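If you read the sequence shown in my numbering, its first letter stands for residue 5, the second for the next number, and so on.
Here a beta-carbon is modelled for each residue, glycine too, at the ideal position from N, C-alpha and C.
Just so you know, these numbers come straight off a predicted model, no measurement behind them.
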Amino acid sequence: MSGLAVVTGASSGIGREYARRLAAQGTDLVAVGRRQERLDELATEFPHVRVRTVVADLSTQQGIQDVITAVGDQPVTLLVNNAGVAHYGAFIELPQEQAAELVGVKVLAPTLLTRALAPGMVERGTGQIVNVAGMIAFSGPATSEQVGLRRAVYASTLAYSLALSQTLHAELSPSGVDVQVLLPGVVATEFHERQGMDLSAVPRMSAADVVTASLRGIELGESVTAPGVEQGELLQNVFSADLIAFSAQSPELASRYRA
């Protein structure tokens, strides 16, 4: 793989693994993160490719614009919207600033970065967008006993990423631009540790395996990639049920709502 990739959240975890894998394949990078020293290490590790580092807080409009400005009019071949924050908590207890940060990083930033870079991809007739979400996107129907940790805002941002990716893939793929949503389960990264959560006893997938699944999923033409789901048809069953419900609507009031 060659060309230019923009990877957010490249300081650690899945984003760092993605950046390292792409650089090893000869892809130039715009690596975005919050920790300059981590980004500098990445640039030093791969002197044979161009690595532009951008320190940005993607929960802010200024941070998002800093990335867009850094990319400029360069022909981006791959955008990986990976940046994330681990703010779990009961909805009414989650501090307002943490809720806003979650929505900024996982909803607004991917939307605006994609909006800035997708037109160039469409014009060139080629490109790939990857939105990193998680299997928690499917947890909406879970009861309070089933869901365990309270994380309504976090789960909702991942569900947004899933819907955005699927609808955007349908919109852009005829122009040669594909969109993938990546849905890992629990991954062995610093993500939960930064929240003060010790998941060392929980079976976790490696970031390397997650990225391997993503890259292979791209080769397979997947718009939804779930690295830990062995039976891929289960996902298609979910989406087929979604479309059945969507198609079942009528302008007539359903009988169960009639007095």
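| message | Helix, strand or coil for V34? Go by DSSP, reduced to three states. | response | strand
| request: Evaluate contact between the segment 57-67 and the segment 236-256, counting only Cβ atoms and requiring at least three cross-stretch pairs below 8 Å. | output: no
| Under 8 Å between the Cβ atoms of V10 and L83? | yes
| For Y22 versus N86, is the C-beta distance shorter than 8 Å? | yes
| Alpha carbon of T229 to alpha carbon of H52, nearest angstrom | 30 Å
| V84: first and last residue of the uninterrupted beta strand (DSSP E) it sits in | L82 to N85
| task | Can you tell me which of the three DSSP states R24 falls into? | result | helix
| task | Note down, in chain order, each residue of its chain lying with its Cβ closer than 8 Å to the Cβ of V211, except the 5 sequence neighbours on either side. | result | The sequence shown places Ala at residue 211, rather than the Val named in the question. Excluding positions up to five away in sequence, the list reads G17, I18, R20, E21, V191, A192 and T193.
| field | Contacts around A159, its chain only, beta-carbon distance under 6 Å, and the 5 residues preceding and following it disregarded | value | I140 and S143
| request: Quick one: give me the first and last residue of the beta strand (DSSP E) that A9 is part of. | output: L8 to T12
| said: Do S227 and E184 count as a contact pair if the criterion is CB distance below 8 Å? | reply: According to the sequence provided, residue 184 is Gln. The question's Glu does not apply to it. Cβ distance < 8 Å, so Q184 and S227 count as in contact.
| task | Name the two residues that bound the continuous beta strand (DSSP E) containing T57. | result | V55 to V59
| Q78 - partner residues in DSSP beta bridges | Bridge partners of Q78: none, in fact.
| What separation, rounded to the nearest whole angstrom, lies between the Cα atoms of V181 and I133? | 8 Å
| request: Note down, in chain order, each residue of its chain lying with its Cβ closer than 6 Å to the Cβ of Q78, except the 5 sequence neighbours on either side. | output: L8
| task | With DSSP as the reference, please indicate the residues paired to V181 in a beta bridge. | result | G131
| query | Looking only at C-alpha atoms, which of R128, G129 and V136 sits nearest to V109? | reply | V136
| request: Counting only the same chain and skipping the five closest in sequence on each side, list residues whose C-beta sits under 8 Å from that of G67. | output: A60, D61 and A113
| Closest to G242 by CA distance: which of P145, L172 and R208 is it? | Reading the sequence as shown, one finds Val at residue 242 and not Gly. Of the listed residues, the one whose Cα sits closest to V242 is P145.
| task | Could you spell out the range, first to last residue, of the alpha helix (DSSP H) harbouring L239? | result | G236 to S251
| Where DSSP assigns a beta bridge to L186, which residues make up the other side? | V136 and T229
| alpha helix (DSSP H) containing S259: first to last residue? | Per DSSP, S259 belongs to no alpha helix (DSSP H) and is neither H nor E.
| Got a sec, what are the start and stop residues for the alpha helix (DSSP H) L112 sits in? | Note, L112: premise wrong, no alpha helix (DSSP H); not H, not E.
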